[in-house]
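Chains as they are written, first to last, in this note's numbering: chain A, 216 to 609; chain B, 91 to 190.
All residues carry an ideal CB built from backbone N, CA and C; glycine is no exception.
Before any comments, here is the structure.
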C-alpha cells in the first residue's frame, strides 16, 4: 500500500506570523500609509508622524503595518537612509511602556541591560541610540488597548511629545498605533487624543469575495495543486464572512481543514473537512490569544476549565479557581503564585474575553469574584491548553 | 600597554573574548559572563580602555562596552581570538568524527 501523501505543500505559510508577499484588498490603505510616511524617505528628520490603524479582529491590521514596514525600510535602504521599522505587541509586553521600549532597544543593541532603569531613562537611551546612528524609527504598537488600559494616558503622551523636549533636533520617532477598540482612546487626555486621531486608517471587514481571493492565494502557496476544491474555498469564505469578515479565522479554518483531510487520509480537502474544522474552532478565542498567555496564566485557565468540566454551574468563585489552579501547579511541578498575582491574571483573562467576571451580590456572605466561561466549552479549552503546556515541556 | 599586560591577565582575556563574541555589553553583563565581580571587571575595562583596546558609550547611567574597531591592535587581538575559536571548533568537529 502506498503511504498517504499530505495535501500540504508548505503549511508554514498558513502560520499566523507569515507575511504574504502581496497584500490583497488592502492596496488603498497601504497607499494611505505610504502617503502619510512619504516624508520618511524624502525628507527624513524634518517631521514625525502618528498614524492610527483601526479595525476588527482579522481585518489585516497587523499584516498591513508589517507589509508597509518592509516596503518603506527597503525603499529607505535604497536611498541610503537609516530607517528602521519595529513592530511590538503591547499585549505581549503586558501593556508596559518599559517593556515596549526595551524590546525596541534590543533590536538595536541586542544585549542592552534588561533591568535597573526607569521608563524615562529607556526612552532617553532609545533617542540617543537613534541620534548616534543617525537612524529613524517607525514604532508600530499592536494591540494598543493593553497599553492604554494598563498605563493610562501617560505612556502615549510621552511617546507623542518626545520631540517637544528636543528642540531643533531631527525628529526621529514616528508611531503607528494599531487597535481594535477605538473607544479605548477616550481614556487618553484630549491633547494626545487629538494628536493621534489626525491620521486614522479604518479597516473594514473583508467581504466574502475578498476572503475568497485571500484563501485562493494561500491555497496556491500552501497546498498541493488540485487538493482544495472550489466548493471548500467557497464554504470557508462564507463561514469567515459570517464571523465578521475575519481573514485570520479563514486561514486557521483552511489549515485545520487540511489537517482533517490528512488525518482521514483523503486526497482532497472536502467541504466536510472545512465543516469539521469550523466546529473545532471558536472564533472569538483563537489559538494565538491563548498562546500569548504566560505560563501561570495558562495554568490558571486550565484550572478554571477543569473546574467547569466537573460542575454544571454557570459560575465558579475565585476561591474555587485558586484551588483548581493549585492542583494544576502541583501536577506541572510549578510553584503556585499568590492571590494578588492571580487576581492580575483574572483581570488580563477577562480583558482578552476568555473569561467573564462579576462580583458576587446578594445571597452570598462576603464578596467574591465569580468567573464564567461564556465562549468556549471547558473540555475544548482544557484540551487546547493541555496540548500547549505539553508542547512547552517537550 | 605592553601585550604581556593584556594577555597575562585571565580576567582581561576573558573580557575581550566576551566582547568578541557578543559585540556590545554593559559592565554587569560582562562581569556575569566572565565570572568576575563588578569592581574587578570595571578595573579591567578601565585598563583596556586606557590602552585603546575597548571603548564605551554612555546611555544615562548605563555604560556599554565594545571593541575599539578604530584601534589596529584591537583589530589584531579580535582576529586572533576569532581564528582561535574557529580552530577550536574545527578540531572538536574532527575529534567527534574520529570517535564515531
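Provide the residue span of the beta strand (DSSP E) that contains residue i, from first to last.
i                     : result
residue 300 (chain A) : 298–304
residue 265 (chain A) : 265–270
residue 571 (chain A) : 571–574
Give the secondary structure of residue i by DSSP, where H, G and I count as helix, E and B as strand, and everything else as coil.
i                     : result
residue 582 (chain A) : coil
residue 128 (chain B) : helix
residue 438 (chain A) : strand
residue 394 (chain A) : strand
residue 457 (chain A) : helix
residue 311 (chain A) : coil
residue 388 (chain A) : strand
residue 594 (chain A) : helix
residue 221 (chain A) : coil
residue 587 (chain A) : strand
When you compare only the Cα positions, how much space is there between residue i and residue j?
i                     : j                     : result
residue 458 (chain A) : residue 341 (chain A) : 41 Å
residue 486 (chain A) : residue 572 (chain A) : 38 Å
residue 564 (chain A) : residue 602 (chain A) : 19 Å
residue 241 (chain A) : residue 407 (chain A) : 27 Å
residue 568 (chain A) : residue 586 (chain A) : 12 Å
residue 467 (chain A) : residue 495 (chain A) : 11 Å
residue 316 (chain A) : residue 337 (chain A) : 6 Å
residue 508 (chain A) : residue 230 (chain A) : 18 Å
residue 111 (chain B) : residue 284 (chain A) : 30 Å
residue 436 (chain A) : residue 470 (chain A) : 12 Å
residue 249 (chain A) : residue 303 (chain A) : 20 Å
residue 612 (chain A) : residue 288 (chain A) : Any question about residue 612 (chain A) goes unanswered here, given that chain A covers just 216 to 609.
residue 394 (chain A) : residue 167 (chain B) : 50 Å
residue 145 (chain B) : residue 165 (chain B) : 13 Å
residue 583 (chain A) : residue 312 (chain A) : 31 Å
residue 177 (chain B) : residue 326 (chain A) : 26 Å
residue 136 (chain B) : residue 129 (chain B) : 11 Å
residue 520 (chain A) : residue 574 (chain A) : 19 Å
residue 455 (chain A) : residue 427 (chain A) : 10 Å
residue 142 (chain B) : residue 402 (chain A) : 52 Å
residue 532 (chain A) : residue 525 (chain A) : 14 Å
residue 180 (chain A) : residue 593 (chain A) : With chain A represented from 216 up to 609, any question about residue 180 (chain A) goes unanswered, as that position is not in the structure.
residue 280 (chain A) : residue 266 (chain A) : 10 Å
residue 306 (chain A) : residue 392 (chain A) : 13 Å
residue 96 (chain B)  : residue 156 (chain B) : 16 Å
residue 169 (chain B) : residue 120 (chain B) : 20 Å
residue 562 (chain A) : residue 556 (chain A) : 10 Å
residue 273 (chain A) : residue 234 (chain A) : 14 Å
residue 488 (chain A) : residue 472 (chain A) : 5 Å
residue 369 (chain A) : residue 352 (chain A) : 21 Å
Where do the ends of the alpha helix (DSSP H) carrying residue i lie?
i                     : result
residue 354 (chain A) : Taken as a continuous stretch (DSSP letters only), residue 354 (chain A) belongs to no alpha helix (DSSP H), being part of the beta strand (DSSP E) at 351–357.
residue 415 (chain A) : Counting along the chain, residue 415 (chain A) falls outside any alpha helix (DSSP H), though it belongs to the beta strand (DSSP E) covering 415–418.
residue 488 (chain A) : 486–495
residue 333 (chain A) : Segment: none, residue 333 (chain A) is in no alpha helix (DSSP H) and carries neither H nor E.
residue 282 (chain A) : 276–293
residue 407 (chain A) : 405–411
residue 477 (chain A) : 462–478
residue 372 (chain A) : 369–376
residue 196 (chain B) : Because chain B here runs from 91 to 190, residue 196 (chain B) falls outside it and cannot be looked at.
residue 247 (chain A) : 242–251
residue 97 (chain B)  : 93–97
residue 231 (chain A) : Unbroken run through residue 231 (chain A): none, as it is neither H nor E.
residue 504 (chain A) : 502–506
Where the segment 145–166 of chain B meets chain A: residues whose CB sits under 9 Å from a CB there: 147, 148, 149, 150, 151, 152, 154
Residue ranges of each alpha helix (DSSP H) within the segment 116–165 of chain B, 4 or longer: 117–124, 128–140
Secondary structure, alpha helix (DSSP H): runs of 4+ residues fully inside the segment 524–576 of chain A: For the segment 524–576 of chain A, whole alpha helix (DSSP H) runs of length 4 or above, ordered along the chain, are 533–547, 554–566.
Against chain A: residues of the segment 97–130 of chain B by CB proximity under 8 Å: 112, 113, 114, 115, 116, 118, 119
Interfacial residues, the segment 335–359 of chain A to chain B, with Cβ spacing under 8 Å: 336, 339, 340, 343, 344, 347
Proximal residues, the segment 314–325 of chain A versus chain B, C-beta separation under 7 Å: 324
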